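*Asks:* There's a structure below that I have some questions on.
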Ligand code: SF4
Ligand code: SF4
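Protein chains in written order, with this note's numbering: chain A, 15 to 427; chain B, 2 to 170; chain C, 15 to 269.
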């Protein structure tokens, strides 16, 4: 009785599609131009300095990398946890995971002091470095997800897809933990010296990845004139709500444990109360705009049914996620290192003062360019390969209309 | 099989020969690089620290080897050190002429721009001799000059000799 | 070997073992003295561990002679106009004077802060390419040949000892190659250490002594008879943020 779902390449050929490709291409081109400008002159044309060594590009890059592993979640719920309604969503989820990761890595590489030495990064490895491990994790992720996609999309290999899917799921957990550990290993900085950093990154990835996925799915189905069922969408948006709540919970836990440890009081006070821009970004950007408002929208009985509202909620989660990255990455660096506890310190090298950072335009352009790379890759890929299902009508995709399984899926993930 | 192979073979040959001819034709337009003279010779018999042909082909190997030994192990012999390359091959600033690595008159660039091989040395290393480069240390005279690899025994022997001389004075 | 001793070499030898040449009679004494400064073609070994002891009580109020000494020696900073385009927050600082004031007692003093040449350096642990490295003799350096400018080491260093170069440089000094897109920090005047061994005096220490403050002692922490080891045995020394357990090569007194 159950109808099977067919996947088809996108056949749009009009100005809509090519216009989208054109806009995304322009964004990528501008990003590359900005990179050329920064690398040609050197980083003095950016807002980065010897205090804030990782700036806006890293905010975007880490966000995309974290979101990439989260985007794979939808597929994992389908193949690893056997939730049937999620299965037709899997190919797009895998695709998005790869392209977001590539977008993020591109930013990271283009912001190096010596991007021309990429080959060095690939040939010289310091195996003690979590950074070097991450390079391996990222490449492995792309490879595994590529194999996974092949298994999913080649009918003769279907039977392997859940095994490979399980591997991919494990790998993405390790990958996000690794990304979180980049910060967790920095013992000397008050903001990062916390074991909770790695799990926090994992829930963040769930939330950001799903938000991007949902937006891409809704736009993709709409623009190609394919139906997307309300019940399926409700499932996904409820899941997003669970994840956003999860991030909120871990943020709370992070700050509470920090407040418990006396040596971190200074940083907590800085971020939560007296940190100026960082405090505002934390409360207004991350907590209010990035968590509470989207939560309310997603669970509001009326708004929760509106696709526009769901789309906006996703956009706010993404915005809030970028803000959260900003407070973690930039705020964590801005707060001065504590070298002499109990002493007031000052120096020509900005010891003891909150570091200044005013990001320059090219940094933003590079970061947005990373998004452009990820999205243009998706737009091109869905045209040449059948990543998108022809229909996601409820009758086909989600015959049981179950609301009860949502919570279970959320917990399992 | 063979019949197909024959014409293919001749096609490959023809294309190959055409490619070989390109440098010959191009040679007519691009003048051979004008490689600046070094400030001195390594020895009566030999211009550079190894025979010139060897240096043309493999200078990067020597420099690379020296680079890692100096950087990581503190080995500071001078024979293959970049500092000495520059001291000998690039005009000194006090000669009134400053030749930078982006100029074709710079020894390294004269050839590298011709061969279109990017040099990655001079973003960090200076491309001219130090203004105060001590003439005794850095100008190659005849004989061995400073181009020796100082082993412990040699040094000891030298110190001993110096001491004996001083003692005899 | 050539038959004569040419003058340039005499000068070279004079710098290292000349003092010994005057007083020695027996060849054996020579061998010892020569072994002090490593021959140029020998690699450094873990027999030595170079370090510094800084007595902040001797550090003159408002004095920054060591900082200027380092700038002169290594070519960074305003006196060399080395990074004209970079904003002050972007310019490199290999060594800086940190002023301290105890919030309870009001006691104020200052100290020079630079790379502490950690025995377990976080910068080395995190560097993806191995550009951040520790030599066998304990000196921590950046191998700018393979540094990709990711700045992770700067994030990881607890002492903010490192700087990133934000623009093209020109006319660097031979002893201190440095350039755009790579990271740098205090080298403990490694070129002097390689030349003079235990007799080496880093530029900061030299400048401090010239100013009459003499706050620095450079030497071999592995040699119990070195001046630095004896002073540490006698008066002790503090490591900044000793709680991190990094076993620093630079120790302080008076903080
Ligand atoms: S002080 Fe900083 S730069 Fe120096 S060795 Fe320690 S961690 Fe590395
Ligand atoms: S900036 Fe250079 S030295 Fe520092 S961690 Fe990156 S590659 Fe290593």
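Glycine is no exception: its CB is placed at the ideal position from the N, C-alpha and C atoms.
None of the values given here were measured: they were computed from a predicted structure.
Residue 196 of chain C: beta carbon under 7 Å from a heavy atom of ligand 2?
*Replies:* Yes, the Cβ of residue 196 of chain C comes within 7 Å of a heavy atom of ligand 2.
*Asks:* Which residues neighbour ligand 1 when neighbourhood means a C-beta less than 7 Å away from any of its non-hydrogen atoms? List them by chain order.
*Replies:* C:129, C:130, C:131, C:132, C:135, C:136, C:137, C:138, C:146, C:154, C:167, C:170, C:171, C:172, C:173, C:175, C:176, C:199, C:260
*Asks:* Is the Cβ-Cβ distance between residue 240 of chain A and residue 406 of chain A less than 8 Å?
*Replies:* yes
*Asks:* Could you pull the start and end residues of the beta strand (DSSP E) that residue 233 of chain C belongs to?
*Replies:* 230-234
*Asks:* Looking at chain C, is there any beta carbon in it that lies within less than 8 Å of the beta carbon of residue 131 of chain B?
*Replies:* yes
*Asks:* Since I believe residue 280 of chain A is in contact with residue 352 of chain A (beta carbons under 8 Å), could you give me their beta-carbon distance rounded to a whole number of angstroms?
*Replies:* By a beta-carbon distance limit of 8 Å, residue 352 of chain A contacts residue 280 of chain A. Their separation comes to about 7 Å.
*Asks:* Which one of A:45, A:190, A:65 has the shortest CA to CA distance from residue 222 of chain A?
*Replies:* Taking only the C-alpha atoms, the option nearest residue 222 of chain A is A:190.
*Asks:* Does the Cβ-Cβ distance between residue 106 of chain C and residue 140 of chain C come in under 8 Å?
*Replies:* no
*Asks:* With DSSP collapsed to three states, give me the class of residue 252 of chain C.
*Replies:* strand
*Asks:* Nearest CA to the CA of residue 94 of chain C: which residue from C:262, C:85, C:188?
*Replies:* C:85
*Asks:* Residue 122 of chain C lies in the beta strand (DSSP E); which residues open and close that run?
*Replies:* 122-128
*Asks:* May I ask you to list, following chain order, the residues of the region 358-373 of chain A that have a beta carbon less than 7 Å from some beta carbon of chain C?
*Replies:* Result list: 358, 359, 360, 361, 362, 363, 364, 365, 370.
*Asks:* Looking at the structure shown, is residue 39 of chain C part of a helix, part of a strand, or coil, going by DSSP?
*Replies:* For residue 39 of chain C, the pLDDT reaches just 41, beneath the cut-off of 50, and the residue's location in the model is therefore unreliable, leaving the point undetermined.
*Asks:* Residue 1 of chain B by DSSP, collapsed to three states: which one?
*Replies:* Only positions 2 to 170 of chain B appear in the structure, and residue 1 of chain B is not among them; the question remains open.
*Asks:* Does any residue of chain A bring its CB to less than 8 Å from the CB of residue 100 of chain C?
*Replies:* yes
*Asks:* Kindly indicate which residue of C:89, C:144, C:162, C:152 has the alpha-carbon position closest to the one of residue 126 of chain B.
*Replies:* C:89
*Asks:* Residue 202 of chain A CB to nearest chain C CB: under 8 Å?
*Replies:* yes
*Asks:* Could you name the residues of chain C that residue 284 of chain A contacts, counting a contact when the two beta carbons are closer than 8 Å?
*Replies:* Correct list: empty, because the minimum Cβ distance to chain C is about 17 Å.
*Asks:* Should residue 234 of chain A be counted as a contact of ligand 2 given a C-beta to heavy atom distance under 7 Å?
*Replies:* no
*Asks:* If you run the structure through DSSP and keep just helix, strand and coil, what is residue 32 of chain A?
*Replies:* helix
*Asks:* Am I right that residue 109 of chain C and residue 80 of chain C are in contact with their C-beta atoms under 8 Å? What's the rounded C-beta distance?
*Replies:* The beta-carbon separation of residue 109 of chain C and residue 80 of chain C, rounded to 6 Å, stays under the 8 Å limit for a contact.
*Asks:* Report yes if the C-beta distance between residue 164 of chain C and residue 191 of chain C is below 8 Å; otherwise report no.
*Replies:* In this structure, residue 191 of chain C does not lie closer than 8 Å to residue 164 of chain C by Cβ.
*Asks:* Let me make sure I understand the geometry here. Which of B:95, B:121, B:115 has the alpha-carbon closest to that of residue 130 of chain B?
*Replies:* B:95
*Asks:* Using a 10 Å radius around the Cβ and a threshold of 16 neighbouring Cβ atoms, would you call residue 121 of chain A buried or exposed?
*Replies:* buried
*Asks:* Give me the DSSP bridge partner(s) of residue 178 of chain C.
*Replies:* C:197
*Asks:* What are the partner residues of residue 429 of chain A, as DSSP defines its beta bridges?
*Replies:* Residue numbering for chain A in the displayed model covers 15 to 427; residue 429 of chain A lies beyond these limits and cannot be assessed.
*Asks:* So that I know if they touch, is there some Cβ in chain C lying closer than 8 Å to that of residue 53 of chain B?
*Replies:* Closer than 8 Å: no.
*Asks:* Going along chain B in order, which residues have a C-beta closer than 9 Å to the C-beta of residue 196 of chain C?
*Replies:* What residue 196 of chain C touches in chain B, judged by beta-carbon distance under 9 Å, is 124, 125, going in chain order.
*Asks:* With a threshold of 7 Å (Cβ to nearest heavy atom), would residue 60 of chain A be considered close to ligand 2?
*Replies:* no
*Asks:* Mind listing, in chain order, the continuous beta strand (DSSP E) runs of no fewer than 3 residues lying wholly within the region 293-326 of chain A?
*Replies:* none
*Asks:* Under the criterion of a Cβ to heavy atom distance below 7 Å, does residue 2 of chain C qualify as lining ligand 2?
*Replies:* Residue numbering for chain C in the displayed model covers 15 to 269; residue 2 of chain C lies beyond these limits and cannot be assessed.
*Asks:* Residues of chain C with a CB under 8 Å from the CB of residue 84 of chain B: which are they?
*Replies:* 188
*Asks:* In chain B, which residues lie with their C-beta within 8 Å of the C-beta of residue 192 of chain C?
*Replies:* Residues of chain B passing the Cβ test: 125.
*Asks:* Return the residues of the region 64-85 of chain A that lie within a Cβ-Cβ distance of less than 7 Å from chain C, sorted by chain order.
*Replies:* 64, 65, 67, 68
*Asks:* Would you say residue 141 of chain A and residue 196 of chain A are within 8 Å of each other, going by their C-beta atoms?
*Replies:* no
*Asks:* Is residue 165 of chain C near ligand 2, with its Cβ less than 7 Å from a heavy atom?
*Replies:* yes
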